[in-house]
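Undergrad: Numbering (UniProt numbering), first residue to last: 1 to 667.
Where a beta carbon is used, it is the ideal one built from N, C-alpha and C, also for glycine.
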């Protein structure tokens, strides 16, 4: 071996010490990909020792890039801080998987081709690309990486690194029937006081003035402004754009420190629309963030109540990543036409419901003036789709429509009639209606407005049409509590439902006897239902089978049919309810456009005797009705007779069904 060959061999076999240099810039912490590297080496020129030396240097580079640590990487020029050199050029704590694709050696020069695979927020989306690194063999035979920032990414120039930006996602919406938007992201205006240039006294004055303009409690907002200390902006109120435009802008603008910030927020079509059912959104609290860990990083809104909370994981905004170029010296990076990489947006996943937006709005308007908790619920007879679940303004966001638990009163007489039919009676069978009746020492009466013309021996149909209490209680020994419970179950009471949110289907105790059983015959005692349960009750009569409600089309329940609910029973029950409309307390619904109406009024006493009511207890007011493919219930917690309080509301709703262009068939 001559001197030249020996020198070449030494250069190939002796690697040089490692070194490195980097500046740090990152915006987000992400999980690293697993380690591991492989290489395919193509060598020429140098002997096997040179091949191994170049390959080893390239592998050390790949390992160092993967670990974001250049301590063991032979770099030229040598960095002053090898442990930070790579991390300054990387995407925060995000780490790539780097493999050596091949190394091409030409005498004392070599080129290593590297493959980068970066993980992201979405493990199904991996950012992959290739770059190359030049290596050179020094006089000692050691191979060194000739550092260029383009090694990290081929589009980088020297002095540049990678930066990660968070692209905020938007919370998914909630849709009604036919995909009509219920909740969508809308522009809102946040009004407040910016304390940056205000003295404490001026801030207090401005807080008072703004509170008066936007009509919020003055002292409460002043205390909030004071409590924020030196924090600049203190929110007073958030307004929809329509409400913001109504604001006295000139008066507000004259307030020292007044500031308006524009944001995007998920909002329902109108303020409070189906609020108890849909729920709302709020900003995460410190407690939320502590409990959720990383799940709420960068999340502006989380669900609060109703569907928003029940399906928060699905509706929550999904943020995306974008990788851009950063200047290592902090200088402004020249704008790029596009990012180096951008994560694909997650597909929008709105939550679809069966709610009919026009009908829901109409129902909310109809019960808007009730003075106690109230509800109006409508369902489609053929499918059980919940079209309306409206709660009154006095419900304080409680879902009375779906979770209220109340005695159904005389509406339950339809279930009692079903139990009597199963004992052999027909709608034409004679029953005895008296002014009052005593059971085990407890006296039961008819309503004070009951007409004497309908006392005595009358048909079951007449007893239901006129709502005679005593005629049904008189039969309490023929019908057991189990018989009542079975009849109620055939009409949906006590069924198991899965609406995606809690809902109460009612309860008929099976062990009641004596006076409690007698009271159950007229929907009192311990019989409990909800407005939704009574809408399903009416729908089941109209359908001739047990109807199961559904709110989310994606979770459509299996069709539930009561095997012992016969067509003959259904026909007679519909006839009884039709008589209430043609001869009884729902005369205003007769001959209504849209088809034949069946229904039943109900009044249920609750609480103690009320001196303001002549010593009588207060009463729940009910109406249930069905027309073609629509069934509904009207409920007012503290009302008059069902015929007095509920019937006018029921008529308004049927009028609304026509005016909003619906056909009761649901088309």
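Excluding five sequence neighbours on each side, which residues of the same chain lie with their C-beta closer than 7 Å to the C-beta of residue 62?
TA: Position 62 of the chain shown holds residue 62. Only 37, 98, 99, 100 and 114 meet the Cβ criterion.
Undergrad: Using DSSP with H/G/I as helix, E/B as strand and the rest coil, what is residue 350?
TA: Working through the chain shown from its first residue, we reach residue 350 at position 350. Three-state DSSP puts residue 350 in coil, outside helix and strand.
Undergrad: For the alpha helix (DSSP H) holding residue 657, just list the boundary residues, first then last.
TA: By one-based count along the chain shown, residue 657 stands at place 657. Run containing residue 657: 647-659, per the alpha helix (DSSP H) assignment.
Undergrad: Are the CB atoms of residue 628 and residue 595 within a distance shorter than 7 Å?
TA: Numbered from 1 along the chain shown, position 595 holds the residue referred to as residue 595. Numbered from 1 along the chain shown, position 628 holds the residue referred to as residue 628. Yes, they are a contact pair.
Undergrad: Can you tell me where the beta strand (DSSP E) holding residue 134 begins and where it ends?
TA: On the chain shown, residue 134 is found 134 positions in, with the first residue counted as 1. It spans 127-137 - the beta strand (DSSP E) in which residue 134 sits, taken as one unbroken run.
Undergrad: Would you kindly report the start and end of the unbroken beta strand (DSSP E) that includes residue 673?
TA: Residue 673 lies beyond the range of the chain shown here (1 to 667); nothing can be said about it.
Undergrad: Under a Cβ-count criterion, where at least 16 other Cβ atoms within 10 Å of its own Cβ denotes burial, should residue 70 be classed as buried or exposed?
TA: Within the chain shown, numbered from 1, the residue matching residue 70 stands at position 70. By the 10 Å Cβ count, residue 70 comes out buried.
Undergrad: Residue 215: which of 438, 238 and 256 sits nearest, CA to CA?
TA: Residue 215 sits at position 215 when you count from the first residue of the chain shown. The candidate whose alpha carbon is nearest that of residue 215 is 238.
Undergrad: Output the residue ranges of the alpha helix (DSSP H) runs that lie fully inside the region 429-491 and measure 4 residues or longer, sorted by chain position.
TA: Correct list: 460-466, 469-473 and 481-490.
Undergrad: By Cβ distance below 7 Å, which residues in the same chain neighbour residue 647 in space, the five residues on each side in sequence not counted?
TA: Numbered from its first residue, the chain shown carries residue 647 at position 647. Here the set comprises 585, 586, 588, 601 and 623.
Undergrad: Quick check: residue 191 and residue 260, are their CB atoms within less than 7 Å of each other?
TA: In the chain shown, counting from the first residue as 1, residue 191 sits at position 191. In the chain shown, counting from the first residue as 1, residue 260 sits at position 260. Their beta carbons are under 7 Å apart, which means residue 191 touches residue 260 by this criterion.
Undergrad: Going by beta carbon distance, what residues of the same chain come within less than 8 Å of residue 155, once the five residues before and after it are set aside?
TA: By 1-based counting over the chain shown, the position of residue 155 is 155. Excluding residues within five positions, the ones whose Cβ falls inside 8 Å are 325 and 340.
Undergrad: How many angstroms separate the CA atom of residue 353 from the CA atom of residue 660?
TA: In the chain shown, residue 353 corresponds to position 353, counting from 1. In the chain shown, residue 660 corresponds to position 660, counting from 1. Those two C-alpha atoms are separated by around 19 Å.
Undergrad: What did DSSP end up calling residue 577 once you bin it into helix, strand or coil?
TA: Taking the chain shown and counting its residues from 1, one reaches residue 577 at position 577. Helix, per DSSP.
Undergrad: Using 7 Å as the threshold, is the C-beta distance between residue 207 and residue 225 below it?
TA: Position 207 of the chain shown holds residue 207. Position 225 of the chain shown holds residue 225. Yes, the pair counts as a contact, with Cβ atoms nearer than the cut-off.
Undergrad: Report the partner residues of residue 376 according to the DSSP bridge assignment.
TA: The residue labelled residue 376 in the question sits at position 376 within the chain shown. Looking at the DSSP assignment, residue 376 forms a beta bridge with 390 and 634.
Undergrad: Can you tell which of 299, 143, 436 and 162 has its C-alpha closest to the C-alpha of residue 450?
TA: Walking along the chain shown from the start, residue 450 turns up at place 450. Considering only alpha carbons, the answer is 436.
Undergrad: Would you check if the distance between the CB atom of residue 399 and the CB atom of residue 276 is smaller than 7 Å?
TA: If you number the chain shown from 1, residue 399 lands on position 399. If you number the chain shown from 1, residue 276 lands on position 276. Their beta carbons are under 7 Å apart, which means residue 399 touches residue 276 by this criterion.
Undergrad: Less than 6 Å separating the Cβ of residue 92 from some heavy atom of the ligand SAM?
TA: The ligand SAM is absent from the structure shown, which contains no ligand whatsoever.
Undergrad: I'd like to know whether the C-beta of residue 542 is nearer than 7 Å to at least one C-beta of chain E.
TA: The chain labelled as chain E is not found in the depicted structure, where only one protein chain is given.
Undergrad: Where DSSP assigns a beta bridge to residue 233, which residues make up the other side?
TA: Residue mapping note: residue 233 aligns to position 233 of the chain shown, counting from 1. According to DSSP, which records beta bridges pairwise, residue 233 is partnered with 194.
Undergrad: To which residues of the same chain is residue 533 closer than 7 Å at the C-beta, ignoring the five residues directly before and after it?
TA: Within the chain shown, the letter at position 533 stands for residue 533. These residues qualify, in order along the chain: 492, 493, 504, 505 and 506.
Undergrad: Output the residue ranges of the alpha helix (DSSP H) runs that lie fully inside the region 51-111 and measure 4 residues or longer, sorted by chain position.
TA: Within the region 51-111, the complete alpha helix (DSSP H) runs of at least 4 residues are 82-85.
Undergrad: Taking Cβ to Cβ, would you say residue 464 is nearer than 7 Å to residue 649?
TA: Counting from one through the chain shown, the residue named residue 464 turns up at place 464. Counting from one through the chain shown, the residue named residue 649 turns up at place 649. Cβ distance not < 7 Å, so residue 464 and residue 649 don't count as in contact.
Undergrad: I need the boundaries of the alpha helix (DSSP H) containing residue 421, first residue and last residue.
TA: By 1-based counting over the chain shown, the position of residue 421 is 421. Where residue 421 is concerned, the enclosing alpha helix (DSSP H) stretches over 413-421.
Undergrad: Pick out the complete alpha helix (DSSP H) segments inside the region 273-360, 4 residues or longer, and give them in chain order.
TA: With a minimum length of 4 residues, the continuous alpha helix (DSSP H) runs that stay inside the region 273-360 are 275-278, 286-292, 306-310 and 312-315.
Undergrad: Please tell me whether residue 303 and residue 297 are closer than 7 Å, where the distance is taken between their beta carbons.
TA: As a position in the chain shown, residue 303 is number 303, starting the count at 1. As a position in the chain shown, residue 297 is number 297, starting the count at 1. Taking 7 Å as the Cβ cut-off, residue 303 and residue 297 do not qualify as a contacting pair.
Undergrad: Going by alpha carbons, who is nearest to residue 175 out of 577, 551 and 520?
TA: Numbered from 1 along the chain shown, position 175 holds the residue referred to as residue 175. The option with the nearest alpha carbon to residue 175 is 551.
Undergrad: Buried or exposed: residue 246, going by 16 or more other Cβ atoms within 10 Å of its Cβ?
TA: Your numbering for residue 246 matches position 246 in the chain shown. Exposed, because fewer than 16 other Cβ atoms sit within 10 Å of the Cβ of residue 246.
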